[in-house]
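Going by our numbering, the sequence shown opens with residue -14, and the numbers climb by one from there. Even for Gly, the Cβ is constructed at its ideal location relative to N, Cα and C. Heads up, the thing below is written out as structure tokens.
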Amino acid sequence: MRAGLAVGLVLLFGLGTPGCDDIFRTMLVTAQVVRTLGVPSSSASVLAGDLTLENVFTEDWLENPDPGDTSFWSLPLPARVTPVAGADVRLNGVQLGQKLPGIYGRAGLELEYRARYDLAMTTGDGRTVTAHGFLPDSFGIAGPNQGAILHPDSVRVTWTHSDSCKAFLVGVQPADSGSTAAGWAESFTDTTCAVPRAAFCDSLGQFQPGGYVLSVMAVNGGWNKSGLDLLLQGGNLKGALGTFGCAVLPLPVALVITE
């Protein structure tokens, strides 16, 4: 893992080559617009920070790597993020207030299905970030039904189609926060899937009966990408690394899983 990360960062930033800076800086933004069904609500949230990544791939390190170097053992990346405060953040011209430094949001928005939403952010030092997405259409989970009692080997989920949806995110989590079950999440472009038995087992593969919560989310745009994926692929923003996604979330389904 350490070697793969090293190679990826060298390819991305050109670190270790003569004339390169020792520090890489960029803005990292995660933004989302969500409309929930069942208990209706609509909100937008934005997290913004300046990412500082130090160049540990010095010319000397590349020529004489130290097998005992632990630069990548304690943390995924030798980086730090400083909140971007005081920015002007707007969604289709509507300003999102700052809740805490680097955290912006607004609830009670009037969001329309299949409508386009434009994100625009201007920092105090004049940097701009833009992105857009389309809110998916309303949809619902067709099965299983609320309160269904199912065997762990026969959990199949179906849902209706949603226009403007690029992917459906399906997730299963134990209802009890104290459960040791692993849970499960995956993305699909179809409208049906099977939940693997492993979702209902602990890290040793032991089945954990009980209550679970099933959710399906329709998404347009970027959503919950990993930090390394953002660095290597850049996300879907202009002016910063990161993602902006629009999502519709119907009422989750409560299940009981037993053998």
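If you run the structure through DSSP and keep just helix, strand and coil, what is residue i?
| i | result |
| --- | --- |
| Phe185 | helix |
| His117 | strand |
| Phe248 | No answer is possible for residue 248: it lies beyond the span of the chain, which begins at -14 and ends at 244. |
| Ser151 | Going by the sequence as given, residue 151 is Lys instead of Ser. Lys151: coil per DSSP, three-state reduction. |
| Glu171 | strand |
| Gly71 | coil |
| Trp144 | strand |
| Phe192 | strand |
How many angstroms separate the CA atom of residue i from the CA atom of residue j?
| i | j | result |
| --- | --- | --- |
| Thr67 | Arg10 | 11 Å |
| Arg20 | Val14 | 20 Å |
| Ala160 | Arg182 | 16 Å |
| Tyr197 | Leu189 | 19 Å |
| Leu81 | Gly168 | 33 Å |
| Pro137 | Val31 | 37 Å |
| Ala225 | Thr145 | 35 Å |
| Asn205 | Thr174 | 11 Å |
| Gly132 | Leu222 | 40 Å |
Classify residue i: buried if its beta carbon has 16 or more other beta carbons within 10 angstroms, exposed otherwise.
| i | result |
| --- | --- |
| Val142 | buried |
| Leu94 | buried |
| Ile242 | buried |
| Thr177 | exposed |
| Val18 | buried |
| Val24 | exposed |
| Leu60 | Its pLDDT being 45, under 50, Leu60 is placed unreliably by the model, and nothing is read from it. |
Does the beta-carbon distance from residue i to residue j come in below 7 Å?
| i | j | result |
| --- | --- | --- |
| Ala105 | Arg75 | yes |
| Ile134 | Val201 | no |
| Val180 | Val140 | yes |
| Val69 | Gly34 | yes |
Checking the sheet assignment: what are the DSSP bridge partners for residue i?
| i | result |
| --- | --- |
| Val201 | Val155 |
| Tyr89 | Val31 and Gln83 |
| Pro98 | According to the sequence displayed, residue 98 carries Tyr and not Pro. According to DSSP, which records beta bridges pairwise, Tyr98 is partnered with nothing at all. |
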